[in-house]
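Residue numbers (full-length UniProt numbering), protein chains in the order written: chain A, 1 to 201; chain B, 1 to 270. Note that beta-carbon positions come from the ideal geometry of N, C-alpha and C, so glycine has one too.
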Amino acid sequence: MPNLTPYAVSKLQKIEVLLLACSAGGFNVLFNMLKVFPGGLPIAIVVIVHRNARYETNIEESIMTKSHITVKVAEEKEPIRRATAYFAPAGYHLLIEPDHTFSLDISEPVNFCRPSIDVTLQSAADVYGPAIAAALLSGANQDGAQGMCAVQRAGGLCIVQDPREAAVKTMPEAAIGLGAADLILTNEELITFSRQLDTYI
Amino acid sequence: MSLSFENLEELIELVNHVHGFDLNGYSRASLKRRISRILDLYRLDFRGLKHNLINTSGFFYRFLGEITVNVTEMFRDPLFYVALREEVFPYLATFPHIKIWSAGCSTGEEVYSLAILLKKQNLYDRSFIYGTDINSKVLETAKQGIFDLGKMKVYSDNYLQTGCDDSFSDYYTAGYGAAAIHHDLRKNILFSIHNLVSDGVFNEFQLITCRNVLIYFDTALQERVFNLLYESLALFGFLGLGSKETLRSEHLRERFRLINKKQNIYQKIA
Numbered sequence: 001m002p003n004l005t006p007y008a009v010s011k012l013q014k015i016e017v018l019l020l021a022c023s024a025g026g027f028n029v030l031f032n033m034l035k036v037f038p039g040g041l042p043i044a045i046v047v048i049v050h051r052n053a054r055y056e057t058n059i060e061e062s063i064m065t066k067s068h069i070t071v072k073v074a075e076e077k078e079p080i081r082r083a084t085a086y087f088a089p090a091g092y093h094l095l096i097e098p099d100h101t102f103s104l105d106i107s108e109p110v111n112f113c114r115p116s117i118d119v120t121l122q123s124a125a126d127v128y129g130p131a132i133a134a135a136l137l138s139g140a141n142q143d144g145a146q147g148m149c150a151v152q153r154a155g156g157l158c159i160v161q162d163p164r165e166a167a168v169k170t171m172p173e174a175a176i177g178l179g180a181a182d183l184i185l186t187n188e189e190l191i192t193f194s195r196q197l198d199t200y201i
Numbered sequence: 001m002s003l004s005f006e007n008l009e010e011l012i013e014l015v016n017h018v019h020g021f022d023l024n025g026y027s028r029a030s031l032k033r034r035i036s037r038i039l040d041l042y043r044l045d046f047r048g049l050k051h052n053l054i055n056t057s058g059f060f061y062r063f064l065g066e067i068t069v070n071v072t073e074m075f076r077d078p079l080f081y082v083a084l085r086e087e088v089f090p091y092l093a094t095f096p097h098i099k100i101w102s103a104g105c106s107t108g109e110e111v112y113s114l115a116i117l118l119k120k121q122n123l124y125d126r127s128f129i130y131g132t133d134i135n136s137k138v139l140e141t142a143k144q145g146i147f148d149l150g151k152m153k154v155y156s157d158n159y160l161q162t163g164c165d166d167s168f169s170d171y172y173t174a175g176y177g178a179a180a181i182h183h184d185l186r187k188n189i190l191f192s193i194h195n196l197v198s199d200g201v202f203n204e205f206q207l208i209t210c211r212n213v214l215i216y217f218d219t220a221l222q223e224r225v226f227n228l229l230y231e232s233l234a235l236f237g238f239l240g241l242g243s244k245e246t247l248r249s250e251h252l253r254e255r256f257r258l259i260n261k262k263q264n265i266y267q268k269i270a
């Protein structure tokens, strides 16, 4: 059981959506988190992973078979539902509309990335305000750090993987460097947090 | 500079009143992001933006140029072009004249890619391609047919992936850091302004491509544009969408046959 501060617990009680983001080296932890989210989770999960649009991947399908919640690629104008994890499609920025549906955007990459973590986090913070938590995992660039700041400004909860345990620590360190980390969790704590998430909400 | 959703609604109304340009059916999240970018770019706050939109002549067209997304590539999504060549062109070859509409063509890369593909299949001489966009500035670039030489490497890669056996560089002349598309590829092409929101049917086509345009519209506007595209297609004509775009309306789905699910290509059958 990770030692969550009362501040963090009070924030978690209000959330409607959890954003998970990673790049290089973060995929295993992400996969393990998605495997243990309890079925019937009362919130939605939005996942942004940097991956190459050129190559077909079946990440969503392979996780779906091992997960208790629905796992799928986010479709444009699709309503965001609870107990579902939505992956940003490769090659598009994923945005969230005020009516809690997804939009896709194929404008310029941000931080050399499309999907960019910053773009989705900023958009989600815009719409959900404090009803949002975001977890930033391992990655080799600084995408996500500005987005975490946006989540924090909106009153959401910012969780960062402990850089000492991240395969590539650039991304978590960038967020911590900007002061956008309310919780720094080890890999084990991230998994426990995911498994027990419904007890906080 | 930050912009609230309330500010955004106010701007949409202002642009409609002052410039007669209807942004109401645009997806809000994307529009908000584009307009926030304009505030940063021009170092304006919300009041300053409104002031410029009302009082600075020519500013609206720069504004319009920034809110529309003009990211494109030659042979973007190479497998889309493979599907066109293998599943669509054999049908097109049975028409005496082939009219094609690239809707939301931006700087014209898709139009020239289609021209190359048609030429390879010996169909270009009886084809005519209309490239349209709402942004007159990008159309100027499209008409010139001159692109940054630095981008040709990516385009060449894309072209290779379409399985064509010749060299992409056969279709342009390089010089002074630029690549000029050969003249014989430009003769059956017309670029012109067309607004999918407010303009209507202007011809009848055997193939319409409208890729990654509808993602910026809300579902009500998407449906209207789908109707426009349907009305603009000849019977048994084809519609190519972006790979993440969906034909949702039941009554239109019945009038189309899905030709290629991955590449999102439909044929009008009724």
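| Query | Result |
| --- | --- |
| Close beta carbons around V127 of chain A, own chain, < 8 Å, minus the five adjacent residues each side | I96, E97, P98, H100 |
| Closest Cα partner of Q222 of chain B within the set B:L247, B:N203, B:G200 | B:L247 |
| Helix, strand or coil at residue 244 of chain A according to DSSP, with G and I counted as helix | This structure cannot settle anything about residue 244 of chain A, because the visible part of chain A is limited to 1 through 201. |
| Presumed contact (8 Å Cβ cut-off) between A124 of chain A and L19 of chain A, rounded CB distance | 6 Å |
| Secondary structure of A83 of chain B, DSSP reduced to three states | helix |
| Beta-carbon proximity of G156 of chain A to I184 of chain A, cut-off 8 Å | no |
| Sub-8 Å separation of I69 of chain A and F102 of chain A beta-carbons | no |
| Extent of the continuous alpha helix (DSSP H) to which I117 of chain A belongs | 117-128 |
| Beta carbon proximity, D105 of chain A to chain B, threshold 8 Å | yes |
| Test: Y92 of chain A CB closer than 8 Å to a CB of chain B | yes |
| Beta-bridge partners of Q161 of chain A, as assigned by DSSP | A:L185 |
| Length at least 3, wholly inside the stretch 186-230 of chain B: the beta strand (DSSP E) runs in chain order | 189-193, 205-210 |
| Reduced DSSP category for H19 of chain B - H, G, I as helix; E, B as strand; rest coil | helix |
| At least 3 beta-carbon pairs within less than 8 Å: the stretch 237-246 of chain B vs the stretch 121-133 of chain B | no |
| Unbroken beta strand (DSSP E) run spanning C22 of chain A, endpoints | 17-22 |
| Among A:N58, A:A174, A:I63, the one whose alpha carbon lies nearest that of M148 of chain A | A:A174 |
| Helix, strand or coil at Y26 of chain B according to DSSP, with G and I counted as helix | strand |
| First through last residue of the alpha helix (DSSP H) which encompasses residue 229 of chain A | No answer is possible for residue 229 of chain A: the residues shown for chain A start at 1 and end at 201. |
| Collapsed DSSP secondary structure at T57 of chain A in the structure displayed | coil |
| Chain A contact residues for V225 of chain B, given Cβ-Cβ distances below 9 Å | Those within 9 Å of V225 of chain B in chain A number zero; the least Cβ separation is about 13 Å. |
| CB contact below 8 Å: residue 275 of chain B versus chain A | Residue 275 of chain B lies beyond the stretch modelled for chain B, which goes from 1 to 270, so this question has no answer here. |
| Stretch-stretch touch, CB-based, cutoff 8 Å, three pairs: the stretch 210-226 of chain B with the stretch 154-169 of chain B | no |
| Own chain residues within Cβ distance below 6 Å of L149 of chain B, not counting five before or after | A174, G177, A178, A179 |
| Chain-ordered chain A contacts of I215 of chain B [CB-CB under 9 Å] | E76, K77, Y92, S103, L104, D105, I106 |
| Residues, ordered as in the chain, of the stretch 191-213 of chain B that lie near chain A by beta-carbon distance below 7 Å | N212 |
| Beta bridge counterpart(s) of F238 of chain B as assigned by DSSP | B:L207, B:Q267 |
| Proximity of Y230 of chain B and K268 of chain B at Cβ, strictly below 8 Å | yes |
| C-beta contact flag for D77 of chain B and S243 of chain B at 8 Å | yes |
| Candidates A:R82, A:E76, A:N3: closest to F37 of chain A by CA position | A:R82 |
| Contact with chain B by E97 of chain A, beta-carbon distance below 8 Å | yes |
| Residue of A:E60, A:Q13, A:A166, A:M33 minimising C-alpha distance to A90 of chain A | A:E60 |
| is_contact[P163 of chain A, chain B] using C-beta, thresh 8 Å | no |
| Backbone CA spacing between V9 of chain A and R33 of chain B [nearest angstrom] | 31 Å |
| From B:A83, B:L207, B:T107, B:F89, residue whose alpha carbon lies closest to that of T141 of chain B | B:T107 |
| Partner residues on chain B for P172 of chain A, Cβ-Cβ distance less than 7 Å | Here the premise fails: no neighbours, minimum Cβ distance about 25 Å. |
| Straight-line Cα distance separating K14 of chain A from I201 of chain A | 7 Å |
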